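Numbering (this note's numbering), first residue to last: 256 to 384. We put the beta carbon where it would ideally sit given N, CA and C, even for glycine. What you are looking at is a predicted structure, and each value in this text was computed from that prediction instead of being measured. Everything on this sheet refers to the single structure shown next.
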Amino acid sequence: MGETFADIILRANGKEFKKKILVDTGATFSWIDGKILKKLGVKAIDTEEFETIEKRIVKREIGFVEIECYGRKGPTGVVFARKGDSEVLGLHALETLRLAVDPYRQRLKKSKTIKALVLKNRDAEMNSA
Numbered sequence: 256m257g258e259t260f261a262d263i264i265l266r267a268n269g270k271e272f273k274k275k276i277l278v279d280t281g282a283t284f285s286w287i288d289g290k291i292l293k294k295l296g297v298k299a300i301d302t303e304e305f306e307t308i309e310k311r312i313v314k315r316e317i318g319f320v321e322i323e324c325y326g327r328k329g330p331t332g333v334v335f336a337r338k339g340d341s342e343v344l345g346l347h348a349l350e351t352l353r354l355a356v357d358p359y360r361q362r363l364k365k366s367k368t369i370k371a372l373v374l375k376n377r378d379a380e381m382n383s384a
């Protein structure tokens, strides 16, 4: 298995930035160069702790941006990456855009459905209450 890359467009405040980025299904959020996010006018809403692959804990600011990939658009959480951090497209963006990794072709593919949990008989129970 190899690496999968995606062409994305980030949008915020009437500005956009296009880039090719590594897909990382092990990352919850997408990590984008903080300088790019600031140029787009993305505001940090909080600071979170993240555990690196080396088991180190790092603190990074997070925010939200609109992302587009394969013609699909949606909001996603982003980490303001610093020098030395990898930039990746994370699972939150993939789920928002309804995209999945095709590991054999090393590309993304559009999902036809969205995963959901439906409890049996829950509707019947709610209607009888």
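Using a C-beta cut-off of 8 angstroms, the stretch 356-367 makes no contact with the stretch 336-343, since fewer than three inter-stretch Cβ pairs fall below that distance.
For the pair THR351 and PRO330, the CB atoms are nearer than the 8 angstroms cut-off. Put simply, of PHE260, ILE369, LYS367, LYS375 the residue whose alpha carbon is nearest the alpha carbon of SER285 is PHE260.
Only exposed fits ARG311, as fewer than 16 other CB atoms lie within 10 angstroms of its CB. Between ALA336 and the set LYS328, ASP262, GLU304, LEU363, the nearest pair of CA atoms involves GLU304. Taking C-beta separations shorter than 8 angstroms and ignoring five residues to either side along the sequence, the partners of LYS294 in its chain run LYS270, PHE272, following chain order. Nearest neighbour of LEU363 by Cα position, chosen from GLU306, ILE369, VAL320, LEU277, turns out to be LEU277. Counting C-beta atoms within 10 angstroms of its own C-beta, GLY332 has 16 or more neighbours from the protein chains shown and is therefore classed as buried. Residue pairing by DSSP places SER285 opposite VAL333 in a beta bridge.
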